[in-house]
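In our numbering, the protein residues as written are 1004 to 1214.
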């Protein structure tokens, strides 16, 4: 005698919840793509409005890179904007212009920038700090590194130019002029003109640093 098929009423209820996440995956992926790609167009518009290269938005290949680049492009001054520079002079090394205020190169490259600006003590201290992170438990390294990376970038950005000015004075530079200019080279050239008006003739090294 054939037996009637047994229908388990609760089987659909037990199966549907397992299928629900699968159904949500396309919507989740679409939402993540929208969040990832959303800042690209306003970032390009901000770059063109500020006279900057739209190619900066290539940082959007990283999910957070696009948002950070858009924020930076929205905050930076327009190209050609006059900034304040303190121009220092050394008899043998020539002129060095130090922008007053926030250092964007120091923010983006908080270890490389101090080396390039001969802030060796600062750069070595940062490298030692990064090395000491290796002694932390592996599960804590990523979180601590991310937090410290942001803090270090902000500190170098806000204090980097001040540290550089202090370093120049310690190496025998004197403050020649404080003036408005579009770039460090323009500030050096303007400082040479002002010094020449005071009867101070520029040396060959002075002309090289202003070229």
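From the three backbone atoms N, C-alpha and C, an ideal C-beta is built for every residue, glycine too.
Query raised in the report: Does the beta-carbon of residue 1146 have 16 or more other beta-carbons within 10 angstroms, so that it is buried, or is it exposed?
Result: Per the 10 Å Cβ criterion, exposed.
Query raised in the report: Could you give the distance in angstroms between the alpha-carbon of residue 1099 and the alpha-carbon of residue 1116?
Result: 15 Å
Query raised in the report: Quick one: Cα of residue 1057 to Cα of residue 1046, how far?
Result: 8 Å
Report task. Would you tell me roughly how many angstroms separate the C-alpha atoms of residue 1087 and residue 1187, rounded to the nearest one? Result -> 10 Å
Report task. Report yes if the CB atom of residue 1184 is closer than 8 Å to the CB atom of residue 1193, and no otherwise. Result -> For residue 1184 and residue 1193, yes; Cβs fall inside 8 Å.
Query raised in the report: alpha helix (DSSP H) containing residue 1198: first to last residue?
Result: 1187-1200
Query - Given residue 1063 as reference, the closest of 1127, 1136, 1036 and 1040 once Cα atoms are compared - result: For residue 1063, the nearest C-alpha among the options comes from 1040.
Query raised in the report: For residue 1017, does the three-state DSSP call read helix, strand or coil?
Result: Caution applies to residue 1017, whose pLDDT of 49 falls short of 50 and renders its modelled position unreliable; the value that the coordinates give is listed next. Residue 1017 falls in the helix class under three-state DSSP.
Query raised in the report: Got a sec? Which residues, its chain only, sit under 6 Å from residue 1167 by beta carbon, not counting five neighbours each side?
Result: 1101 and 1120
Query - From 1190, 1175 and 1203, residue whose alpha carbon lies closest to that of residue 1182 - result: 1190
Requested in this report: Decide if the stretch 1156-1167 is in contact with the stretch 1107-1114; the criterion is three or more beta carbon pairs, one per stretch, under 8 Å apart.
Outcome: yes
Requested in this report: Measure from the alpha carbon of residue 1067 to the alpha carbon of each residue in 1036, 1151 and 1127, then state which is nearest.
Outcome: 1036
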